[in-house]
């Protein structure tokens with residue numbers, strides 16, 4: 001067969017493919033298809049950016065509403081990510097239109113025809129950003145994140161792919177590199193916003209809050225997104241869709257599990273069932289909100305013993321995965337719990353967990369010992385459960401004995417602090433890196449709480465006493 005004949009045959013086959021008819025899609029709850037809904041594959045590839053935007057809006061995808069998630073597929077349209085550049089969209093003049101049939105194709109039009117033929121030839125292999133093209137895209141080939149600033153051509157290609165997937169065309173799956181790029185671009189934008197906010201408000205304490213809020217908003221927008229998640233945390237029969245990038249940002253241990261040479265990295269799954277459902281729920285929530293879950297999901301708030309046990313487990317888990325901010329939050333929550341309850345809390349289970357995880361729970365063990373001595377838990381007010389725990393863990397007995405000995409020594413030396421006394425203290429918020437102030441205070445033991453003159457936060461007398469200089 002001659003070369004010209006083979007070329008004509010291939011061209012006719014591509015043209016035949018482009019003439020395939022597309023079934024119309026009606027909007028919900030009712031109505032006619034969009035006026036620009038493509039009737040053929042050729043018409044689909046000739047849609048302009050304005051038409052793509054209009055179709056996305058018409059089918060409730062770029063402007064979410066009550067019907068957005070009731071279609072067979074969703075576009076997951078990110079309006080900020082896919083926004084037009086202000087200088088884009090020049091409209092052809094009448095004179096240019098009149099010359100359409102009397103001039104040769106421009107280089108841009110030739111490239112469009114070439115891209116169209118390639119798309120028809122292999123719809124199953126979309127162009128990845130790692131395959132540089134021409135123009136602005138090739139100039140950014142060395143960029144760390146090619147999705148940080150999309151060219152008009154890349155932006156339209158992404159919109160076309162989203163619309164194509166929405167109407168049921170094959171070969172329109174989102175490339176993995178785009179998913180990672182979108183997350184990275186979102187985080188980079190949040191970080192850049194935070195930096196600008198800090199520069200403008202360097203002398204104001206609200207700057208840190210604004211920066212944190214921007215980063216948390218970026219993380220929260222990606223939480224639970226099954227379309228962009230690339231890793232799964234398993235706990236019992238429940239699965240959590242997460243992002244390897246988020247795990248890497250928070251924990252060097254989880255980073256190795258997600259990106260290292262272990263089985264978890266290859267299977268993109270990690271089983272945390274041994275940590276318990278309540279703790280894993282709180283961990284995933286913290287990864288995306290930076291907030292601490294005060295009460296376990298499997299206990300009632302007034303079950304004080306269960307809540308205290310949960311805080312100890314959270315401390316141990318945070319230490320295991322080397323997430324220091326989460327560990328500090330768990331310690332702070334445990335201290336607040338045992339200091340805010342007037343009734344005696346049964347701490348035997350919490351103590352068992354704490355003394356099984358030496359030295360991860362150093363601060364919590366000290367608080368349990370202090371609480372036990374102050375409330376005479378081994379006397380008639382206490383229970384036999386704590387005594388049994390001591391017998392099971394000799395280190396608990398040793399720590400308790402040393403603490404009692406220190407108190408006795410203060411009495412013997414006559415340096416037991418009076419009801420009211422002056423000393424210099426660090427702000428208790430120093431242990432959570434919240435306030436680094438020191439001050440001289442005249443603590444009155446009759447007061448329930450004393451506030452810091454610098455940060456304004458109130459702390460109990462016991463918390464101040466532990467921060468004596």
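In the UniProt record's numbering, the protein residues as written are 1 to 469.
Backbone N, C-alpha and C fix where the C-beta goes; we use that ideal spot for every residue, glycine too.
Because the structure is a prediction, the values reported are computed rather than measured.
Buried versus exposed call for residue i [16 or more other C-beta atoms within 10 Å across all chains shown]
i           : result
residue 186 : buried
residue 427 : buried
residue 19  : exposed
residue 26  : exposed
residue 439 : exposed
residue 182 : buried
residue 75  : buried
residue 47  : buried
residue 429 : buried
residue 202 : exposed
residue 471 : No statement about residue 471 is possible, as the shown extent of the chain runs from 1 to 469 and does not include it.
residue 264 : buried
residue 358 : exposed
residue 270 : buried
residue 69  : exposed
residue 164 : buried
residue 458 : exposed
residue 293 : buried
Start-to-end residues for the beta strand (DSSP E) that takes in residue i
i           : result
residue 314 : It is not in any beta strand (DSSP E) - residue 314 instead sits in the alpha helix (DSSP H) that spans 304–320.
Identified DSSP bridge partners for residue i
i           : result
residue 350 : Bridge partners of residue 350: none, in fact.
residue 438 : 426
residue 269 : 232
residue 40  : 21
residue 459 : 450
residue 468 : 425
Rounded distance between the beta-carbons of residue j and residue i, thought under 8 Å
i           : j           : result
residue 347 : residue 317 : Not confirmed; about 19 Å, so no contact.
residue 272 : residue 235 : 5 Å
residue 320 : residue 277 : With a Cβ gap of about 17 Å, residue 320 and residue 277 do not count as contacting.
residue 215 : residue 244 : Not quite, the Cβ-Cβ distance comes to about 18 Å (not below 8 Å), so this is no contact.
residue 399 : residue 376 : Between residue 376 and residue 399 the Cβ distance is about 17 Å, and since that is not below 8 Å, they are no contact.
residue 485 : residue 460 : Given that the chain is displayed from residue 1 to residue 469, the structure contains no residue 485 and the question cannot be resolved.
residue 29  : residue 67  : 7 Å
Endpoints, alpha helix (DSSP H) assigned at residue i
i           : result
residue 369 : 362–374
residue 280 : 277–289
residue 240 : First-last for residue 240: 238–242, but that is the beta strand (DSSP E), not the alpha helix (DSSP H).
residue 193 : 176–200
residue 329 : 324–340
residue 49  : 49–58
residue 166 : 152–167
residue 84  : Looking at the DSSP string, residue 84 is not in any alpha helix (DSSP H), and its letter there is neither H nor E.
residue 252 : 252–259
Rounded straight-line distance, which links the Cα of residue j to that of residue i
i           : j           : result
residue 301 : residue 424 : 36 Å
residue 323 : residue 360 : 12 Å
residue 45  : residue 160 : 8 Å
residue 262 : residue 256 : 8 Å
residue 50  : residue 79  : 14 Å
residue 390 : residue 396 : 6 Å
residue 192 : residue 368 : 43 Å
residue 184 : residue 157 : 20 Å
residue 58  : residue 463 : 59 Å
residue 350 : residue 330 : 13 Å
residue 394 : residue 313 : 21 Å
residue 83  : residue 38  : 23 Å
residue 248 : residue 223 : 15 Å
residue 31  : residue 12  : 36 Å
residue 345 : residue 304 : 6 Å
residue 266 : residue 253 : 16 Å
residue 24  : residue 40  : 10 Å
residue 356 : residue 190 : 40 Å
residue 327 : residue 335 : 13 Å
residue 131 : residue 178 : For residue 131, the predicted structure reports a pLDDT of 44, less than 50, and the residue's modelled location is therefore unreliable. The matter cannot be settled from this model.
residue 289 : residue 14  : 50 Å
residue 176 : residue 291 : 29 Å
residue 446 : residue 372 : 20 Å
residue 22  : residue 155 : 24 Å
residue 404 : residue 227 : 57 Å
residue 218 : residue 77  : 16 Å
residue 162 : residue 43  : 16 Å
residue 230 : residue 452 : 45 Å
residue 151 : residue 62  : 20 Å
residue 354 : residue 315 : 9 Å
residue 454 : residue 437 : 7 Å
residue 450 : residue 466 : 14 Å
residue 153 : residue 232 : 33 Å
beta-carbon residue i near the ligand ATP non-hydrogen atom, thresh 7 Å
i           : result
residue 294 : Within the structure as shown, the ligand ATP is missing, as the structure has no ligands at all.
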